[in-house]
Amino acid sequence: MTPWTLGPITLRNRIIKTATNEGMAIGSQLSQALIEHHRAIARGGVGMTTVAYCAVSLDGRTFPDQVVLTRENLPQLRALTDAVHAEGGAISAQITHGGAFNFLPQMQDGTVWSASGGLNPMGFLQGRFFKKAMTPEAMRTIRDQFADGARLAQEAGFDAVEIHMGHGYLLSQFLSPKYNHRQNPYGGSPRARAQFPCEVLEAVLDAVGTQIAVLCKLSMFETWDARGDVAAALQIGHRLQASGAHMLVLSAGMNVEAPWAIFGSRMPLSAMQGKGTLLLKAAGYGLHASQPKITYEDMYLLGSARQMRAQLTMPLCYLGGVKSKANIASAIEHGFDAVAIGRALLHSPDLLQQFERGQISHSACNTCNLCIGTMYTDTGTRCVLTQAGNASLRQQPAQAAQ
């Protein structure tokens, strides 16, 4: 709980609120609920809170309601960072492009980019049956959009950006052998599949790396059956380390194929159906029924993460099932530089203060995962056990900074 240095910034402690889709955007803009959500997290004492899924372009969104890093949104973004800074915390923008993971009813140019072309199962329900392999021009354009998004985040007062390279988004599609079938320098081995993500990272570092911290979020493995096998992730990690990332946030899983691997536990039906057509709900039901039997355990990614820690010298952030003071201590003792917490902070934004006051030693979050389904509701993401939510605040545009 003491200050530490991450790249060019200093945080008040090593605890990070990880990105969890807040479901609090109004179209591409921010709602006041999003500001109040992160204000409460910062007031609770974390070193840094992470704003989830900030798209680097309109077509880079996955969902119609998703914050986009545009100059039009700059006053709202500044209000968000001001609110967090007023509570003594730092704030990171998770920057992303959805690629083929795209549920948009309309797009500006209609091209669904991915690492490789072919059928696009993720787009069937929107009538986008095919994805297109990114051309060199498209790669340059999207690389520059990441850099521009990072510059705008820095201008808006963010202390860090987290480049999303996990969970099935565009950069993850390049890293994944399931999505990347290229035979050129951007495909083949894990090191080659990391080429485009590294180009994006280097462009972001060139743009802002001396002013704000630049993190990367990485899936160590894609499916629950593959847990513990981090050989490919290690090769990718070495490349990201060589490219100069300030820290890796170690996650797992894929949003569509294996969301349970992200959360280390089974998913409720509400988290898989979202709000959409009957076909989408039917697909969610099928995915729910196909889940493997998983028994949740605290620190469920520790075994895989320790393998990464043993081979990489760069700063690493442990994520996955951190619910107690003992969990935090264990992660630090195993050599991790920071600890990321998600669901337990949704349950109790003041969790760290409760730990410090000796009120509790373990979060009361029961891993029901019903919070995940709430991102599709009128209130946005919340813990169903401790928060009623505020639908009117969710519909209120964020008040711009003066």
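When we follow the working numbering, the leftmost residue of the sequence shown carries the number 1, and every step to the right adds one. We put the CB at the ideal spot given by N, CA and C, even for glycine.
Item: Proximity winner among G99, H37, I95, relative to V59 (alpha-carbon distances); Value: Per the sequence shown, residue 59 should be read as Asp rather than Val. Of the candidates G99, H37, I95, the one whose C-alpha sits nearest the C-alpha of D59 is G99.
Item: Nearest candidate by alpha-carbon position, reference E202, set C216, S189, A192, G117; Value: C216
Item: Of the listed residues C365, L269, R309, S304, nearest to S324 (C-alpha basis); Value: C365
Item: Proximity to S304 [Cα-Cα], best of R227, A245, S243; Value: R227
Item: Validate contact between the stretch 166 to 181 and the stretch 190 to 201 using beta carbons, cut 8 Å, 3 pairs; Value: yes
Item: Beta-carbon proximity of I262 to H167, cut-off 8 Å; Value: yes
Item: Beta-carbon proximity of R309 to L319, cut-off 8 Å; Value: no
Item: Exposure label - G127; buried when at least 16 CB within 10 Å; Value: exposed
Item: Beta carbon of V67 nearer than 8 Å to that of L104; Value: no
Item: C-beta atoms of S116 and Y179 nearer than 8 Å; Value: yes
Item: Environment of K17 [buried if 16+ CB atoms lie within 10 Å]; Value: buried
Item: G149 versus Q94 - alpha carbon distance; Value: 10 Å
Item: Inside the stretch 6 to 82 only - alpha helix (DSSP H) runs reaching at least 4 residues; Value: 32 to 43
Item: Other residues of its chain near G342: CB distance less than 7 Å, five sequence neighbours each side excluded; Value: T18, T20
Item: Range covered by the beta strand (DSSP E) that runs through F130; Value: 130 to 133
Item: Cross-strand partners of K217 (DSSP beta bridge); Value: H164, V249
Item: Close Cβ partners of I236 (< 7 Å) along its chain, the five nearest in sequence each way excluded; Value: L175, P190, A194, L218
Item: K293 burial status per 10 Å Cβ neighbour count (16 or more: buried); Value: exposed
Item: V339, DSSP secondary structure in three states; Value: strand
Item: I372: first and last residue of the uninterrupted alpha helix (DSSP H) it sits in; Value: 370 to 373
Item: Collapsed DSSP secondary structure at G122 in the structure displayed; Value: For the sequence presented, residue 122 should be read as Met rather than Gly. Reduced to three states, the DSSP call for M122 is helix.
Item: For Y179: DSSP bridge partner residues; Value: Partner(s): none; Y179 has no beta bridge.
Item: Counterpart residues of C317 in DSSP-defined beta bridges; Value: V249, A338
Item: Helix, strand or coil at A344 [DSSP, three-state]; Value: helix
Item: Whether H85 touches G7 by CB criterion (8 Å); Value: no
Item: Proximity of F124 and V56 at Cβ, strictly below 8 Å; Value: no
Item: Boundaries of the alpha helix (DSSP H) in which A398 is found, first to last residue; Value: Note, A398: premise wrong, no alpha helix (DSSP H); not H, not E.
Item: Three or more C-beta pairs below 8 Å linking the stretch 37 to 57 and the stretch 342 to 353; Value: yes
Item: Host alpha helix (DSSP H) of I236 (start-end); Value: 231 to 243
Item: Beta-ladder partner(s) of W224, from DSSP; Value: Beta-bridge pairing links W224 to no other residue.
Item: Pairwise C-alpha distance: H288 and S265; Value: 12 Å
Item: Per-residue burial, I212 [other beta carbons within 10 Å of its own, 16 or more giving buried]; Value: buried
Item: Integer Cβ distance of A398 from Q154, believed to fall under 8 Å; Value: The Cβ separation is near 19 Å, so there is no contact.
Item: Cβ-based neighbour list, A42, same chain, cut-off 6 Å, excluding 5 preceding and 5 following; Value: T49, V84, E87, G89
Item: Local Cβ density within 10 Å of D206, reported as buried at 16 or more and exposed below that; Value: exposed
Item: When T386, D337, T381, G321 are compared against H347, the one with the closest alpha-carbon; Value: T386
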